[in-house]
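Protein chains in written order, with the working numbering: chain A, 1 to 140; chain B, 1001 to 1667; chain C, 2001 to 2298. Each residue gets a CB set at the ideal place from its N, CA and C atoms; glycine is no exception.
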Amino acid sequence: MKEDFEPRILGFLCNWCGYAGADMAGTSRIQYPANVRIIRVMCSGRIDPSMILTGLSMGADGVLVVGCHLGDCHYVKGNYRTERRVHLLKKMLGDMGFDPSRLRLEWVSASEGEKFSQVIRDFAEKLKKIGPNSAVKEMP
Amino acid sequence: MELAQTAFSTCRVMAMPERVGVFICHCGLNIAGVIDVKELHTYTQMLSGVSLVEDYSYMCSEPGQELIRKAIREGKINRVVVAACSPRMHEPTFRNVLSQEGMNPYLLDVANLREHDSWVHMFEKDKALEKAKDLVRMAVARAAKLEALTPREVSVERTALIIGGGIAGISAALDLGDAGYKVYLVESSPTVGGHMAQLDKTFPTMDCSACILTPKMVSVARHPNVNLRTYAEVVDVQGYVGNFRVKIRSKPRYVDAKKCTACGDCVPVCPIEVPSEFDVELTWRKAIYIPFPQAVPTTYTIDDKSCIGLKPLTCRQCEDKCGPKAINFNESEREEEIIAGTIIVATGYRPYNPSKEEQYGYGVYPNVITAIEMERMLNASGPTGGKVLRPSDMQEPGRIAFLHCIGSRDERANSYCSRICCMYSMKQARQIKEKHPEAEVHEFFIDIRAYGKGFEEFYEKAAREYGVTFIRGKVAEVMEEPATHDLLVRAEDTMLGRPVEIETDLVILSTALQPHEQTDQVQSLLRISRGPEGFFSEAHPKLRPVDTLVDGVFICGVAQGPKDIPDTVAQSKGAASGAASLMGQGKVTIEPYFISIDEDVCSGCKVCIDLCPYQAIHIEQKTAKANEAQCKGCGVCVSSCPAGAIKANHFTDDQLMSQIVAAVGGA
Amino acid sequence: MKVVFESLSGCAGCEIAVLDLHEGLLDLLKRVELTYAPIILDPRTFDRSEIGIITGSVRTDEDVEKVKALREKCTTLVTLGSCSCFGGVPGLANLFSPESIVKQSHEVNVAPGSKIVEKKDIPRLEHWIVPVDDLVNIEAKIPGCPPPPKFIAEQLSTLLNGGSQRLSKKTVCDECDLQKEIKRIDKIRRWGEGKTDFSKCLLEQGYICLGIATRAGCESRCIKAGTPCRGCFGPAEKVKDAGAKLISAIASTASLDSPEAMNPQQLAESFIDVVGTAYRFTLASSIIRKKASEGAAN
Chain A
1 MKEDFEPRIL GFLCNWCGYA GADMAGTSRI QYPANVRIIR VMCSGRIDPS
51 MILTGLSMGA DGVLVVGCHL GDCHYVKGNY RTERRVHLLK KMLGDMGFDP
101 SRLRLEWVSA SEGEKFSQVI RDFAEKLKKI GPNSAVKEMP
Chain B
1001 MELAQTAFST CRVMAMPERV GVFICHCGLN IAGVIDVKEL HTYTQMLSGV
1051 SLVEDYSYMC SEPGQELIRK AIREGKINRV VVAACSPRMH EPTFRNVLSQ
1101 EGMNPYLLDV ANLREHDSWV HMFEKDKALE KAKDLVRMAV ARAAKLEALT
1151 PREVSVERTA LIIGGGIAGI SAALDLGDAG YKVYLVESSP TVGGHMAQLD
1201 KTFPTMDCSA CILTPKMVSV ARHPNVNLRT YAEVVDVQGY VGNFRVKIRS
1251 KPRYVDAKKC TACGDCVPVC PIEVPSEFDV ELTWRKAIYI PFPQAVPTTY
1301 TIDDKSCIGL KPLTCRQCED KCGPKAINFN ESEREEEIIA GTIIVATGYR
1351 PYNPSKEEQY GYGVYPNVIT AIEMERMLNA SGPTGGKVLR PSDMQEPGRI
1401 AFLHCIGSRD ERANSYCSRI CCMYSMKQAR QIKEKHPEAE VHEFFIDIRA
1451 YGKGFEEFYE KAAREYGVTF IRGKVAEVME EPATHDLLVR AEDTMLGRPV
1501 EIETDLVILS TALQPHEQTD QVQSLLRISR GPEGFFSEAH PKLRPVDTLV
1551 DGVFICGVAQ GPKDIPDTVA QSKGAASGAA SLMGQGKVTI EPYFISIDED
1601 VCSGCKVCID LCPYQAIHIE QKTAKANEAQ CKGCGVCVSS CPAGAIKANH
1651 FTDDQLMSQI VAAVGGA
Chain C
2001 MKVVFESLSG CAGCEIAVLD LHEGLLDLLK RVELTYAPII LDPRTFDRSE
2051 IGIITGSVRT DEDVEKVKAL REKCTTLVTL GSCSCFGGVP GLANLFSPES
2101 IVKQSHEVNV APGSKIVEKK DIPRLEHWIV PVDDLVNIEA KIPGCPPPPK
2151 FIAEQLSTLL NGGSQRLSKK TVCDECDLQK EIKRIDKIRR WGEGKTDFSK
2201 CLLEQGYICL GIATRAGCES RCIKAGTPCR GCFGPAEKVK DAGAKLISAI
2251 ASTASLDSPE AMNPQQLAES FIDVVGTAYR FTLASSIIRK KASEGAAN
């Protein structure tokens, strides 16, 4: 593992909680590593496993899905569906030879700027230890 | 794999026929101070599909907006990307700009270079710049795939539903009723008035609470536009802004409110006594009761949990005694459905129960009481007729201690400040001193919060003229002398820097305000969010303090957070104003994020049907159909449709995929 | 019109399906000249042809050459069967490296006392199986494992008439007669577990039926035969990765509120062999398509 490896994290954040929480980290000027690239969706339930798989197949070292805390989903139950999909997808990723911890699910509310920044810090650290995603290099 | 490697040439990108205009905002130095905007500008010009790049100090300002308008007018662009602050901030602003020039407002995307980049990577400028390039590239890719959408306009019913009949609900009901709107005011207890009806005097003016409240209670009951539903609850809410279908369930009183004269003849003959809720269990009431004499509606109610006259037929003494023959044991629950255009939540609070704070002995030592219990004692129509008595021997106490911040500012209970306790404690202290000038009254506080109009003066007077002793130190422990039930209060006097022990006859706990018990229910009915302490969340803490994120639903009073009566009334006027503004226009536009289902692809598997929390999908002739009015655009059905038959407007698979490819494809 | 068949690394089931046209074959042969078709006919070479039909998966370097040769010599190229369309069942070999495959078949699985004879002129295994349309452009796909003979006849007929192929945009559910209700799955059951109601949707009863995520065209033959769909027709028209959609749909239909509802861990545990079930025929054409090398040793 190279010393200068900076993991590239693809983030899917729901508009009402995750994205707002990341905004809160910004307004509070909380500094965190620049590894994540955020895509906004209205609900974490919008996220299709194929989006996560595309990200990984194209070389994202980690994929982060952020939704509302269970029970607080702006659309009632979307995050419960996300939770189940992610668990099943992690199993599939493990069977496909990926470290399942490359896919990470977090619940961050709109007021949890500090938590969001901590998630990025922690995820980047863990991904550095796992190493770069080699999927792309080996594409046929 | 270096993040720095964003060389666009290595990215597999399809040819983009759209002409995207990118407008980079410096946001003063907020963005430009960290991100090299010139470099970003140069990079952006090379992106495929970009036909114009501008950068400017404040894109949201008039000249900034004019840059966009000009580019559209001159036909140079047909898609817009603004690289600036969070879209949650200014997406509506820029959408308006597009509309003004006749371009569909949904052909805009915003790259968040501020909250997600310059503000959080201030000391890593190189990385911030690389991230900015990626974010702009992602936005350009998305913009090229955006489609023109038409927002839906729906009509707004000119009826407001107000949940909660305390001062907040009453105030909003009167304002809206006066403005000509129809109002349904739903209150779960048998009378309106809420907690304010329990109070004796109100700070800082020392107005008699009942005197200022009861006229409003009567007005709201008599108001031609207000439909009062007491002893009732909202049990179901469907629909969306302008068209909420609400089910109200009215519990049976077994007393006909129109016939009851409140003469009270039924009371002596009723054999059942239960603790009185209104008097905070300091005294009893009968199973047939009126919460307090000035209750509105002015009628007795039979509490069917305590009454023994219902099933099977046993007692019924009250029925025999009732002159007007108002009692009817055959009454049953009534459910009605109404359509409301707007909803105001004014559910108020419940006081904190300090029983679990064993160090204070509430519930164990008879002479430790809460503030609301003291309030009922001070009230001339309360259980002690206005006399301040200590529960153990019903004697007047000579020494009284107020303990502030019980359940507030406490990590183990609630970390917030309940805002009104300092004031009400001082109010009660002054009232005690008025009745017993010789009494020794101590107030143990952490800070005195006397922030409002006339509050500081009130505090000064309490200390100087009334002779209340203030000790800065939160009480650690209250101990009891078992024989006399006298109490010993232990605290640290932090100003003198030494521990202090005070002997006292009566301890009053200034308890916190907590969200009302039915807050959970209301939340699940309306899908509005609550903060970590349980109070309902406002849409924006500064600029939208009475709106919620659910269009058409407003919050006011302590339901939104602890506050006193003037602030409550001000907020309820704000909520009424918000509701009136929606209902006054008679129509509202809804974001077109709803789904569309391709019936040529849908195979009727029904995987989606149960997933929709708004029941917006139904089957018609074997395939699924979407109800655009009900759909809120969450997209859960879209991602689970195994046939790929559902499209999420403005968040299509194509659009999201283009962002993913642009984000990680630069490897 | 000259038609050729080329067989890559397959089981010959598609060729048998063509032969299963029975008398229909005679009608077909009236319209075409079948100049080259291993397994069916003798000839060893072929020239330029109008239609080239490929069966089997691209497993060896010889397969790659065959595909390229066919593309050069044929105007219209058609992949017949799930192997050539999506990689098929052989595509599941993408979970293993060629070295470990050879080791398993030639060292581990052999009878004791056998000797391996090294031959240099045997085609080498490609590192990964890919669908044919990853190597060359194709004009039509006839999916299925094998495609039903009637379906083959219809699709070929369209092509012979000079038309472009029209595959169904719908999924197998459209052709399935079982009664469908809302989906709330409390438990995932293995096929054969419990009592199956053959009048109701199998998925609702907890059996994993891939019909929801599989293109229609087979007239739901497997369900009619009393077994759940296994997805041999590949993804629906609008979908790239059928397995991902299946995972999404199964997870989404897990019930939330019933007393027996599974929590996410239980759901994942009860879905045994996610890859083998969701990607049985389509692994090689899916998004991830092959095992990442950071995985545990095969």
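N-terminal and C-terminal residue of the beta strand (DSSP E) that residue i is part of
i: B/Pro1499; result: Arg1498 to Thr1504
i: B/Gly1382; result: Unbroken run through B/Gly1382: none, as it is neither H nor E.
i: B/His1442; result: Glu1440 to Phe1445
i: B/Tyr1362; result: Premise fails: B/Tyr1362 is in no beta strand (DSSP E) and is neither H nor E.
i: C/Phe2035; result: The sequence shown places Thr at residue 2035 of chain C, not Phe. From DSSP, the beta strand (DSSP E) with C/Thr2035 extends over Glu2033 to Tyr2036.
i: B/Cys1605; result: No beta strand (DSSP E) holds B/Cys1605; DSSP gives it neither H nor E.
i: B/His1618; result: Ile1617 to Glu1620
i: C/Ser2007; result: Lys2002 to Ser2007
i: C/Lys2141; result: Ala2140 to Ile2142
i: B/Pro1092; result: B/Pro1092 -> not in any beta strand (DSSP E); alpha helix (DSSP H) instead, spanning Pro1087 to Gln1100.
Option in the options with minimal Cα separation from residue i
i: A/Trp107; options: A/Gly45, A/Gly26 and A/Val66; result: A/Val66
i: A/Glu6; options: A/Gly21, A/Cys14 and A/Arg37; result: A/Arg37
i: B/Ala1160; options: B/Val1246, B/Met1122 and B/Ile1167; result: B/Val1246
i: C/Ile2212; options: C/Arg2071, C/Arg2230, C/Ser2100 and C/Ala2225; result: C/Arg2230
i: A/Gly26; options: B/Ser1118, B/Arg1222, B/Ser1099 and B/Gly1361; result: B/Ser1118
i: B/Pro1592; options: B/Asp1564, B/Ala1148 and B/Pro1532; result: B/Ala1148
i: B/Ala1179; options: B/Pro1204, B/Ser1219, B/Asn1225 and B/Val1156; result: B/Asn1225
i: B/Glu1130; options: B/Arg1544, B/His1041 and B/Ala1071; result: B/His1041
Check whether residue i and residue j have beta carbons under 8 Å apart
i: C/Trp2128; j: C/Lys2290; result: yes
i: B/Val1368; j: B/Leu1509; result: yes
i: B/Ala1629; j: B/Cys1602; result: no
i: A/Ala135; j: C/Ala2292; result: yes
i: C/Cys2218; j: C/Gly2144; result: yes
i: A/Gly147; j: B/Ile1339; result: This structure does not reach residue 147 of chain A, given that chain A is present from 1 up to 140, and the question cannot be answered.
i: C/Leu2125; j: C/Arg2059; result: yes
i: A/Arg46; j: B/Val1636; result: yes
i: A/Leu64; j: A/Arg104; result: yes
i: B/Ala1232; j: B/Glu1187; result: yes
i: B/Val1269; j: B/Tyr1300; result: no
i: B/Val1080; j: B/Gly1033; result: no
Host alpha helix (DSSP H) of residue i (start-end)
i: A/Arg121; result: Gly113 to Ile130
i: B/Asp1073; result: A quick correction: the sequence has Arg, not Asp, at residue 1073 of chain B. Glu1062 to Arg1073 is the span of the alpha helix (DSSP H), which, as asked, contains B/Arg1073.
i: C/Cys2083; result: Ser2082 to Phe2086
i: B/Pro1151; result: Per DSSP, B/Pro1151 belongs to no alpha helix (DSSP H) and is neither H nor E.
i: C/Asp2134; result: Neither: C/Asp2134 is in no alpha helix (DSSP H) and is coded neither H nor E.
i: B/His1041; result: Val1037 to Gln1045
Short CB-CB distance (under 8 Å) between residue i and chain D
i: B/Lys1127; result: Judged by its chain identifiers, the structure shown contains no chain D, and its protein chains are A, B and C.
Contact belief for residue i with residue j at Cβ below 8 Å, rounded distance in angstroms
i: B/Pro1293; j: B/Trp1284; result: Contact flag wrong, Cβ pair sits at about 16 Å.
i: C/Glu2237; j: C/Arg2221; result: No, C/Glu2237 and C/Arg2221 are not in contact; Cβ-Cβ is about 20 Å, not under 8 Å.
i: B/Gly1177; j: B/His1121; result: Contact doesn't hold; Cβ gap of about 53 Å is too wide.
i: B/Ala1579; j: B/Ile1344; result: 6 Å
i: B/His1348; j: B/Ala1143; result: Reading off the sequence, residue 1348 of chain B comes out as Gly, not His. Actually they are not in contact, since the Cβ atoms of B/Gly1348 and B/Ala1143 sit about 47 Å apart, beyond 8 Å.
i: B/Pro1291; j: B/Thr1191; result: 5 Å
i: C/Val2018; j: C/Ile2051; result: The Cβ separation is near 13 Å, so there is no contact.
Could you name each continuous beta strand (DSSP E) segment of 3 residues or more that falls completely within the region 2206-2243 of chain C, going from the start of the chain to the end? none
If you scan the region 2263-2296 of chain C from start to end, which runs of the alpha helix (DSSP H) of 4 or more residues do you find wholly inside it? 2264-2270 and 2274-2278
Which whole runs of the alpha helix (DSSP H) in the region 1173-1227 of chain B are 4 residues long or more, in chain order? 1209-1222
Which ranges would you report for the alpha helix (DSSP H) in the region 1531-1608 of chain B if only whole runs of at least 4 residues count? 1565-1585
Quick check on the DSSP output: what are the complete alpha helix (DSSP H) runs of length 4 or more inside the region 2043-2119 of chain C, in order along the chain? 2061-2073, 2082-2086 and 2098-2103
Could I get the ranges of all uninterrupted beta strand (DSSP E) runs contained in the region 32-86 of chain A, with 3 residues as the minimum, in chain order? 36-41 and 62-67
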